[in-house]
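>
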Amino acid sequence: MDIPREVEVVVIGAGQAGLSAAFHLRRGGYEPERDFVVLDGSPAPGGAWQFRWPSLTYGKVHGMHALPGMELTGADPQRPSSEVVAGYFADYERAFGLRVRRPVRVRSVREGDGGRLRVETSAGSWSARALINATGTWDRPFWPRYPGQETFRGRQLHTARYAGPKEFAGERVIVVGGGASGTQHLLEIAPYAAATTWVTRRPPVFREGPFDEEAGRAAVALVEERVRRGLPPRSVVSVTGLPLNDAIRAGLDSGVLDRLPMFDRITPDGVRWDDGREQPADVILWATGFRPVIGHLAPLGLREAGGGIRVEGTRAVADPRVHLVGYGPSASTIGANRAGRAAVRDIRRLLAEEGEPAAA
1 MDIPREVEVV VIGAGQAGLS AAFHLRRGGY EPERDFVVLD GSPAPGGAWQ FRWPSLTYGK
61 VHGMHALPGM ELTGADPQRP SSEVVAGYFA DYERAFGLRV RRPVRVRSVR EGDGGRLRVE
121 TSAGSWSARA LINATGTWDR PFWPRYPGQE TFRGRQLHTA RYAGPKEFAG ERVIVVGGGA
181 SGTQHLLEIA PYAAATTWVT RRPPVFREGP FDEEAGRAAV ALVEERVRRG LPPRSVVSVT
241 GLPLNDAIRA GLDSGVLDRL PMFDRITPDG VRWDDGREQP ADVILWATGF RPVIGHLAPL
301 GLREAGGGIR VEGTRAVADP RVHLVGYGPS ASTIGANRAG RAAVRDIRRL LAEEGEPAAA
(Lines of atoms letter the chains of each structure in order from A and count residues from 1; the text may use other names and numbers.)
(Lines give C-alpha, C1' and ligand atoms only; values in the text may rest on other atoms or scores of the structure.)
Protein backbone atom coordinates (compact mmCIF):
# COMPACT_ATOMS: atom_id res chain seq x y z
CA MET A 1 0.00 0.00 0.00
CA ASP A 2 1.32 3.42 -0.97
CA ILE A 3 1.35 5.57 2.16
CA PRO A 4 1.79 9.21 1.13
CA ARG A 5 4.59 11.26 2.66
CA GLU A 6 3.27 14.32 4.46
CA VAL A 7 4.53 17.84 3.81
CA GLU A 8 2.97 21.27 4.06
CA VAL A 9 3.45 22.23 0.41
CA VAL A 10 4.22 20.38 -2.81
CA VAL A 11 5.80 22.37 -5.64
CA ILE A 12 5.43 20.77 -9.07
CA GLY A 13 8.08 21.96 -11.52
CA ALA A 14 11.58 23.37 -11.10
CA GLY A 15 11.77 25.97 -13.83
CA GLN A 16 11.85 29.70 -13.11
CA ALA A 17 8.44 29.71 -11.43
CA GLY A 18 8.99 26.60 -9.31
CA LEU A 19 12.45 27.65 -8.12
CA SER A 20 11.17 31.11 -7.26
CA ALA A 21 8.38 29.58 -5.17
CA ALA A 22 10.84 27.21 -3.48
CA PHE A 23 13.15 30.13 -2.64
CA HIS A 24 10.33 32.05 -0.97
CA LEU A 25 9.20 28.96 0.93
CA ARG A 26 12.74 28.49 2.20
CA ARG A 27 13.04 32.14 3.15
CA GLY A 28 9.72 31.89 5.00
CA GLY A 29 11.07 29.16 7.28
CA TYR A 30 9.98 26.06 5.41
CA GLU A 31 12.56 23.29 5.24
CA PRO A 32 12.99 21.23 2.05
CA GLU A 33 11.83 17.61 2.41
CA ARG A 34 10.42 18.27 5.88
CA ASP A 35 7.94 21.08 5.12
CA PHE A 36 7.91 21.17 1.34
CA VAL A 37 9.11 19.16 -1.62
CA VAL A 38 9.90 20.18 -5.21
CA LEU A 39 9.07 17.57 -7.85
CA ASP A 40 10.45 18.00 -11.36
CA GLY A 41 9.77 15.85 -14.39
CA SER A 42 12.95 16.81 -16.24
CA PRO A 43 16.12 14.70 -16.01
CA ALA A 44 18.33 17.63 -14.97
CA PRO A 45 18.14 21.23 -13.74
CA GLY A 46 17.24 23.93 -16.23
CA GLY A 47 13.50 23.78 -16.75
CA ALA A 48 12.52 24.23 -20.40
CA TRP A 49 15.77 26.08 -21.03
CA GLN A 50 17.75 22.84 -21.13
CA PHE A 51 15.87 21.85 -24.30
CA ARG A 52 16.54 25.03 -26.30
CA TRP A 53 18.35 24.66 -29.60
CA PRO A 54 22.15 25.15 -29.60
CA SER A 55 22.15 28.16 -31.93
CA LEU A 56 20.07 30.15 -29.43
CA THR A 57 23.03 31.69 -27.65
CA TYR A 58 22.66 33.54 -24.38
CA GLY A 59 23.32 36.84 -26.12
CA LYS A 60 20.19 36.34 -28.25
CA VAL A 61 17.90 35.82 -25.25
CA HIS A 62 15.61 38.75 -24.49
CA GLY A 63 14.07 39.51 -21.11
CA MET A 64 15.75 36.82 -19.03
CA HIS A 65 15.43 37.86 -15.39
CA ALA A 66 17.53 36.39 -12.61
CA LEU A 67 15.98 34.19 -9.96
CA PRO A 68 15.38 35.86 -6.59
CA GLY A 69 18.40 36.04 -4.32
CA MET A 70 21.11 35.19 -6.86
CA GLU A 71 22.19 37.07 -9.97
CA LEU A 72 23.34 35.44 -13.18
CA THR A 73 26.65 37.14 -13.86
CA GLY A 74 29.59 36.67 -16.20
CA ALA A 75 27.76 34.50 -18.72
CA ASP A 76 29.42 34.23 -22.13
CA PRO A 77 26.92 35.64 -24.67
CA GLN A 78 28.23 33.18 -27.29
CA ARG A 79 27.42 30.08 -25.23
CA PRO A 80 24.13 28.26 -25.88
CA SER A 81 21.44 29.58 -23.57
CA SER A 82 20.56 25.97 -22.73
CA GLU A 83 23.99 25.54 -21.11
CA VAL A 84 24.10 28.95 -19.43
CA VAL A 85 20.65 28.84 -17.85
CA ALA A 86 20.74 25.14 -16.95
CA GLY A 87 24.05 25.70 -15.17
CA TYR A 88 22.64 28.73 -13.38
CA PHE A 89 19.56 26.81 -12.23
CA ALA A 90 21.75 23.94 -10.99
CA ASP A 91 23.93 26.38 -9.03
CA TYR A 92 20.81 28.01 -7.62
CA GLU A 93 19.36 24.72 -6.39
CA ARG A 94 22.64 23.92 -4.64
CA ALA A 95 23.11 27.41 -3.18
CA PHE A 96 19.73 27.37 -1.46
CA GLY A 97 19.62 23.64 -0.73
CA LEU A 98 16.30 23.13 -2.49
CA ARG A 99 16.78 19.36 -2.88
CA VAL A 100 14.70 19.01 -6.03
CA ARG A 101 13.52 15.45 -6.71
CA ARG A 102 13.89 14.38 -10.35
CA PRO A 103 12.89 12.91 -12.64
CA VAL A 104 9.48 12.62 -11.00
CA ARG A 105 6.35 12.64 -13.14
CA VAL A 106 3.19 13.83 -11.40
CA ARG A 107 0.30 11.69 -12.55
CA SER A 108 -2.58 13.27 -10.64
CA VAL A 109 -3.55 15.60 -7.84
CA ARG A 110 -6.75 14.66 -6.08
CA GLU A 111 -8.60 15.12 -2.82
CA GLY A 112 -6.86 13.29 0.00
CA ASP A 113 -7.66 12.56 3.61
CA GLY A 114 -8.26 15.22 6.24
CA GLY A 115 -8.68 18.10 3.83
CA ARG A 116 -5.28 17.48 2.27
CA LEU A 117 -4.29 17.10 -1.36
CA ARG A 118 -2.92 13.78 -2.53
CA VAL A 119 -0.18 14.08 -5.17
CA GLU A 120 0.39 10.81 -7.02
CA THR A 121 3.65 10.47 -8.93
CA SER A 122 6.04 8.04 -10.58
CA ALA A 123 7.98 8.06 -7.29
CA GLY A 124 5.12 7.47 -4.87
CA SER A 125 2.62 9.81 -3.26
CA TRP A 126 2.71 12.94 -1.15
CA SER A 127 0.04 14.49 1.05
CA ALA A 128 0.06 18.29 1.25
CA ARG A 129 -1.97 21.13 2.67
CA ALA A 130 -1.24 23.29 -0.35
CA LEU A 131 0.09 22.93 -3.87
CA ILE A 132 2.08 25.22 -6.14
CA ASN A 133 1.74 24.15 -9.76
CA ALA A 134 4.68 25.43 -11.82
CA THR A 135 4.63 22.98 -14.72
CA GLY A 136 4.83 25.54 -17.51
CA THR A 137 4.00 24.60 -21.09
CA TRP A 138 7.04 22.90 -22.63
CA ASP A 139 5.69 19.36 -22.36
CA ARG A 140 2.53 20.25 -24.27
CA PRO A 141 3.36 21.62 -27.72
CA PHE A 142 0.28 22.64 -29.67
CA TRP A 143 -0.25 21.03 -33.09
CA PRO A 144 -3.21 22.43 -35.05
CA ARG A 145 -4.96 20.01 -37.40
CA TYR A 146 -5.67 20.66 -41.07
CA PRO A 147 -7.28 18.50 -43.75
CA GLY A 148 -4.78 16.27 -45.51
CA GLN A 149 -2.14 16.60 -42.82
CA GLU A 150 -1.55 12.86 -42.67
CA THR A 151 -0.92 12.70 -46.43
CA PHE A 152 2.11 15.01 -46.43
CA ARG A 153 5.15 13.14 -47.75
CA GLY A 154 7.68 15.54 -46.26
CA ARG A 155 8.68 16.20 -42.69
CA GLN A 156 6.59 17.91 -40.02
CA LEU A 157 7.98 19.05 -36.70
CA HIS A 158 7.10 21.42 -33.90
CA THR A 159 9.54 24.06 -32.70
CA ALA A 160 9.85 22.03 -29.49
CA ARG A 161 12.00 19.64 -31.55
CA TYR A 162 13.92 22.29 -33.47
CA ALA A 163 17.65 21.53 -33.32
CA GLY A 164 19.04 24.35 -35.45
CA PRO A 165 18.89 25.82 -38.95
CA LYS A 166 21.36 23.51 -40.67
CA GLU A 167 18.92 20.59 -40.61
CA PHE A 168 16.87 22.51 -43.21
CA ALA A 169 19.71 23.01 -45.69
CA GLY A 170 18.49 22.84 -49.29
CA GLU A 171 14.86 22.24 -48.30
CA ARG A 172 11.67 24.16 -49.01
CA VAL A 173 10.33 25.11 -45.59
CA ILE A 174 6.93 26.44 -44.55
CA VAL A 175 6.93 28.06 -41.11
CA VAL A 176 3.49 28.27 -39.49
CA GLY A 177 2.93 30.74 -36.67
CA GLY A 178 3.01 34.47 -36.05
CA GLY A 179 4.74 34.60 -32.68
CA ALA A 180 8.28 35.41 -31.68
CA SER A 181 9.51 31.85 -32.19
CA GLY A 182 8.09 31.74 -35.73
CA THR A 183 9.96 34.85 -36.84
CA GLN A 184 13.12 33.85 -34.99
CA HIS A 185 13.24 30.40 -36.57
CA LEU A 186 12.34 31.74 -40.00
CA LEU A 187 15.15 34.30 -39.98
CA GLU A 188 17.58 31.64 -38.81
CA ILE A 189 16.52 29.03 -41.38
CA ALA A 190 16.30 31.30 -44.43
CA PRO A 191 20.06 31.44 -45.21
CA TYR A 192 20.22 27.62 -45.32
CA ALA A 193 16.90 26.64 -46.90
CA ALA A 194 16.20 26.46 -50.62
CA ALA A 195 13.05 28.52 -49.99
CA THR A 196 10.98 29.65 -47.02
CA THR A 197 7.32 30.59 -46.71
CA TRP A 198 5.76 32.25 -43.68
CA VAL A 199 2.10 31.48 -42.96
CA THR A 200 0.00 32.89 -40.10
CA ARG A 201 -3.66 32.87 -39.13
CA ARG A 202 -3.73 36.62 -38.48
CA PRO A 203 -1.62 39.41 -39.94
CA PRO A 204 1.38 40.00 -37.67
CA VAL A 205 1.49 43.16 -35.57
CA PHE A 206 4.89 44.79 -35.27
CA ARG A 207 5.60 47.05 -32.32
CA GLU A 208 7.81 50.07 -32.79
CA GLY A 209 9.54 51.88 -29.96
CA PRO A 210 10.51 50.71 -26.48
CA PHE A 211 8.35 48.32 -24.52
CA ASP A 212 8.10 50.34 -21.32
CA GLU A 213 6.66 49.48 -17.92
CA GLU A 214 3.27 50.97 -18.71
CA ALA A 215 2.94 48.91 -21.89
CA GLY A 216 3.98 45.82 -19.94
CA ARG A 217 1.30 46.39 -17.32
CA ALA A 218 -1.34 46.86 -20.01
CA ALA A 219 -0.33 43.62 -21.73
CA VAL A 220 -0.37 41.64 -18.49
CA ALA A 221 -3.79 43.09 -17.62
CA LEU A 222 -5.22 41.70 -20.87
CA VAL A 223 -3.94 38.21 -20.06
CA GLU A 224 -5.11 38.47 -16.44
CA GLU A 225 -8.60 39.36 -17.60
CA ARG A 226 -8.84 36.07 -19.49
CA VAL A 227 -7.75 33.87 -16.59
CA ARG A 228 -10.11 35.68 -14.23
CA ARG A 229 -12.91 34.64 -16.57
CA GLY A 230 -11.73 31.03 -16.67
CA LEU A 231 -10.59 31.16 -20.29
CA PRO A 232 -7.41 29.49 -21.54
CA PRO A 233 -4.59 32.01 -21.15
CA ARG A 234 -2.94 33.73 -24.07
CA SER A 235 0.75 34.46 -23.95
CA VAL A 236 1.89 37.95 -23.00
CA VAL A 237 3.67 38.13 -26.37
CA SER A 238 0.37 37.57 -28.18
CA VAL A 239 -0.96 40.90 -26.88
CA THR A 240 2.24 42.93 -27.19
CA GLY A 241 3.08 42.38 -30.84
CA LEU A 242 6.48 41.59 -32.33
CA PRO A 243 9.31 44.04 -31.59
CA LEU A 244 10.44 45.81 -34.74
CA ASN A 245 14.16 45.31 -34.11
CA ASP A 246 17.03 45.31 -36.60
CA ALA A 247 16.66 41.59 -37.37
CA ILE A 248 12.93 41.93 -38.07
CA ARG A 249 13.50 45.00 -40.23
CA ALA A 250 16.11 43.13 -42.26
CA GLY A 251 13.71 40.20 -42.69
CA LEU A 252 10.96 42.52 -43.91
CA ASP A 253 13.30 44.31 -46.30
CA SER A 254 14.63 41.04 -47.76
CA GLY A 255 11.18 39.50 -48.18
CA VAL A 256 11.84 36.63 -45.77
CA LEU A 257 9.03 37.95 -43.57
CA ASP A 258 6.53 38.38 -46.38
CA ARG A 259 3.52 36.73 -44.81
CA LEU A 260 0.80 34.61 -46.42
CA PRO A 261 -2.61 33.86 -44.87
CA MET A 262 -3.22 30.44 -43.40
CA PHE A 263 -3.57 27.66 -45.97
CA ASP A 264 -6.74 25.59 -46.11
CA ARG A 265 -5.35 22.10 -46.53
CA ILE A 266 -2.14 20.10 -46.65
CA THR A 267 -1.34 18.04 -49.74
CA PRO A 268 1.19 15.24 -50.23
CA ASP A 269 3.65 17.76 -51.68
CA GLY A 270 2.90 20.96 -49.79
CA VAL A 271 -0.07 23.17 -48.92
CA ARG A 272 -3.03 24.60 -50.81
CA TRP A 273 -5.42 27.50 -50.41
CA ASP A 274 -9.09 27.40 -51.41
CA ASP A 275 -8.44 29.88 -54.22
CA GLY A 276 -6.29 27.25 -55.93
CA ARG A 277 -2.86 28.53 -54.96
CA GLU A 278 -0.34 25.87 -53.96
CA GLN A 279 3.03 26.00 -52.24
CA PRO A 280 5.35 22.99 -52.50
CA ALA A 281 7.29 22.06 -49.38
CA ASP A 282 9.71 19.52 -47.99
CA VAL A 283 9.19 20.58 -44.37
CA ILE A 284 6.38 22.15 -42.34
CA LEU A 285 7.65 23.70 -39.12
CA TRP A 286 4.84 24.34 -36.65
CA ALA A 287 5.72 27.42 -34.58
CA THR A 288 2.28 27.28 -33.02
CA GLY A 289 3.13 27.56 -29.36
CA PHE A 290 2.36 25.51 -26.31
CA ARG A 291 -0.49 24.93 -23.89
CA PRO A 292 -0.36 24.81 -20.06
CA VAL A 293 0.50 21.42 -18.58
CA ILE A 294 -2.41 21.04 -16.16
CA GLY A 295 -3.91 17.64 -17.00
CA HIS A 296 -2.74 16.18 -13.68
CA LEU A 297 -5.04 18.66 -11.89
CA ALA A 298 -8.15 17.26 -13.63
CA PRO A 299 -9.38 15.23 -10.61
CA LEU A 300 -9.83 18.50 -8.69
CA GLY A 301 -12.35 19.80 -11.22
CA LEU A 302 -10.77 23.25 -11.54
CA ARG A 303 -11.52 23.90 -15.20
CA GLU A 304 -14.28 26.33 -16.07
CA ALA A 305 -16.73 25.97 -18.94
CA GLY A 306 -14.47 28.23 -21.02
CA GLY A 307 -11.67 25.65 -20.85
CA GLY A 308 -9.26 27.37 -18.48
CA ILE A 309 -8.76 27.56 -14.73
CA ARG A 310 -10.15 30.72 -13.15
CA VAL A 311 -7.34 32.35 -11.21
CA GLU A 312 -7.20 35.37 -8.89
CA GLY A 313 -3.58 36.38 -8.52
CA THR A 314 -2.06 32.90 -8.44
CA ARG A 315 -4.87 31.19 -6.51
CA ALA A 316 -7.31 28.84 -8.22
CA VAL A 317 -10.73 30.28 -7.42
CA ALA A 318 -12.28 26.81 -7.19
CA ASP A 319 -9.71 25.59 -4.64
CA PRO A 320 -7.66 28.08 -2.56
CA ARG A 321 -5.15 25.35 -1.70
CA VAL A 322 -3.96 25.33 -5.30
CA HIS A 323 -1.78 28.06 -6.80
CA LEU A 324 -0.65 28.32 -10.41
CA VAL A 325 2.60 30.13 -11.08
CA GLY A 326 4.00 30.58 -14.56
CA TYR A 327 0.39 30.39 -15.79
CA GLY A 328 -1.19 33.12 -17.88
CA PRO A 329 0.13 36.56 -16.89
CA SER A 330 3.03 35.07 -14.91
CA ALA A 331 4.36 33.08 -17.88
CA SER A 332 7.55 35.13 -18.16
CA THR A 333 10.73 35.09 -16.13
CA ILE A 334 9.94 38.26 -14.19
CA GLY A 335 6.27 37.29 -13.92
CA ALA A 336 7.23 33.87 -12.57
CA ASN A 337 9.44 35.46 -9.91
CA ARG A 338 6.63 37.69 -8.69
CA ALA A 339 4.08 34.89 -8.85
CA GLY A 340 6.27 32.60 -6.75
CA ARG A 341 6.49 35.20 -4.02
CA ALA A 342 2.75 35.95 -4.16
CA ALA A 343 1.78 32.27 -4.02
CA VAL A 344 3.91 31.62 -0.94
CA ARG A 345 2.52 34.69 0.79
CA ASP A 346 -1.06 33.52 0.19
CA ILE A 347 -0.30 29.96 1.23
CA ARG A 348 1.27 31.07 4.50
CA ARG A 349 -1.84 33.12 5.22
CA LEU A 350 -4.12 30.19 4.36
CA LEU A 351 -2.27 27.75 6.59
CA ALA A 352 -2.17 30.25 9.45
CA GLU A 353 -5.93 30.74 9.18
CA GLU A 354 -6.38 27.00 9.60
CA GLY A 355 -5.02 27.42 13.09
CA GLU A 356 -1.70 25.66 12.60
CA PRO A 357 1.76 27.15 12.18
CA ALA A 358 2.68 27.87 8.56
CA ALA A 359 6.21 26.61 9.11
CA ALA A 360 8.17 25.16 11.96
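Under the UniProt record's numbering, read the sequence shown as residues 1 to 360, first letter to last. Positions of the beta carbon are idealized from the N, C-alpha and C atoms, including for glycine.
Which residue's Cα is closest to the Cα of A55: T151, R202, V84 and G326?
Against the sequence shown, residue 55 aligns to sequence position 55. In the sequence on display, residue 55 carries Ser and not Ala. When only C-alpha atoms are compared, the closest one is V84.
> Go to L260, then tell me how far its alpha helix (DSSP H) extends in each direction, as first and last residue.
What you label residue 260 is simply residue 260 of the sequence shown in a count that begins at 1. Unbroken run through L260 is the beta strand (DSSP E), R259 to P261; no alpha helix (DSSP H).
> Quick one: give me the first and last residue of the beta strand (DSSP E) that I248 is part of.
Along the sequence shown, one-based indexing puts residue 248 at 248. Per DSSP, I248 belongs to no beta strand (DSSP E); it is in the alpha helix (DSSP H), D246 to S254.
> Do G136 and G28 count as a contact pair if the criterion is CB distance below 9 Å?
As a first step, residue 28 is located in the sequence shown; it is residue number 28 there, counting from the start. As a first step, residue 136 is located in the sequence shown; it is residue number 136 there, counting from the start. In this structure, G136 does not lie closer than 9 Å to G28 by Cβ.
> I need the straight-line Cα distance from E224 to A316, nearest angstrom please.
In the sequence shown, counting from the first residue as 1, residue 224 sits at position 224. In the sequence shown, counting from the first residue as 1, residue 316 sits at position 316. Each residue's Cα considered, the two are about 13 Å apart.
> Tell me whether S181 sits in a helix, a strand or coil according to DSSP, three-state version.
Taking the sequence shown and counting its residues from 1, the one referred to as residue 181 is at position 181. Correct three-state label for S181: helix.
> Should Q50 go down as buried or exposed, given a rule of 16 or more other Cβ atoms within 10 Å for buried?
Taking the sequence shown and counting its residues from 1, one reaches residue 50 at position 50. Q50 should be labelled buried.
> Let me know the secondary structure DSSP gives A130 once reduced to three states.
Walking along the sequence shown from the start, residue 130 turns up at place 130. DSSP places A130 in strand when its eight states are reduced to three.
> Go ahead and pull the three-state DSSP assignment for R338.
Looking up residue 338 in the sequence shown gives position 338. R338: helix per DSSP, three-state reduction.
> State the DSSP-derived secondary structure class of L56, mapped to helix, strand or coil.
Taking the sequence shown and counting its residues from 1, the one referred to as residue 56 is at position 56. Here L56 sits in coil by DSSP.
> Report the partner residues of D319 according to the DSSP bridge assignment.
Sequence index remark: in the sequence shown, residue 319 carries index 319 (1-based). Answer by DSSP bridge pairing, in chain order: A316.
> So, are the CB atoms of P82 and R52 less than 9 Å apart?
Residue 82 sits at position 82 when you count from the first residue of the sequence shown. Residue 52 sits at position 52 when you count from the first residue of the sequence shown. It is Ser, not Pro, that sits at residue 82 in the sequence shown. Yes, the pair counts as a contact, with Cβ atoms nearer than the cut-off.
> By how many angstroms is the C-alpha of H62 removed from the C-alpha of I248?
Here residue 248 refers to the residue found at position 248 of the sequence shown. Here residue 62 refers to the residue found at position 62 of the sequence shown. Cα to Cα, the separation comes out at about 14 Å.
> For R202, which option in A194, E208 and V176 has the closest C-alpha, if you only look at C-alpha atoms?
Sequence index remark: in the sequence shown, residue 202 carries index 202 (1-based). Measuring from the Cα of R202, the nearest candidate turns out to be V176.
> Please classify I3 as buried or exposed, where buried requires at least 16 other C-beta atoms within 10 Å of its C-beta.
Stepping through the sequence shown from its first residue, residue 3 is reached at position 3. Counting Cβ neighbours within 10 Å, I3 comes out exposed, since fewer than 16 surround it.
> Whole angstroms is fine: what's the gap from D264's alpha carbon to D275's?
By one-based count along the sequence shown, residue 264 stands at place 264. By one-based count along the sequence shown, residue 275 stands at place 275. Taking the straight line from one Cα to the other gives about 9 Å.
> Between L98 and A22, which are expected to be in contact by the criterion C-beta below 8 Å, what is the C-beta distance as a whole number of angstroms?
Start at 1 with the first residue of the sequence shown, and residue 98 comes out as number 98. Start at 1 with the first residue of the sequence shown, and residue 22 comes out as number 22. About 5 Å separates the two Cβ atoms, so the contact holds.
> Using 8 Å as the threshold, is the region 271-290 in touch with the region 164-179, meaning 3 or more CB pairs across them?
Counting Cβ pairs under 8 Å, three or more are found: they touch.
> What are the start and end residues of the beta strand (DSSP E) that includes H158?
Start at 1 with the first residue of the sequence shown, and residue 158 comes out as number 158. Counting along the chain, the beta strand (DSSP E) containing H158 begins and ends at R155 to H158.
> State whether the region 117-133 contacts the region 337-352, with contact taken as three or more CB pairs (one from each stretch) at a distance under 8 Å.
Touching, yes, given that three or more Cβ pairs across the two stretches are closer than 8 Å.
> Considering only the beta carbon of each residue, do P243 and R207 sit closer than 9 Å?
The residue you call residue 243 lines up with position 243 of the sequence shown. The residue you call residue 207 lines up with position 207 of the sequence shown. Contact flag set, yes.
> Going by the DSSP bridge assignment, what does W286 pair with across the sheet?
On the sequence shown, residue 286 is found 286 positions in, with the first residue counted as 1. W286 is bridged to H158 and V176.
> Indicate the three-state DSSP secondary structure (helix, strand or coil) for S108 in the structure shown.
Taking the sequence shown and counting its residues from 1, the one referred to as residue 108 is at position 108. DSSP places S108 in strand when its eight states are reduced to three.
> Check whether the Cβ of V227 sits closer than 8 Å to any heavy atom of the ligand MN, and report yes or no.
What this structure holds is no ligand at all, so the ligand MN is not there to describe.
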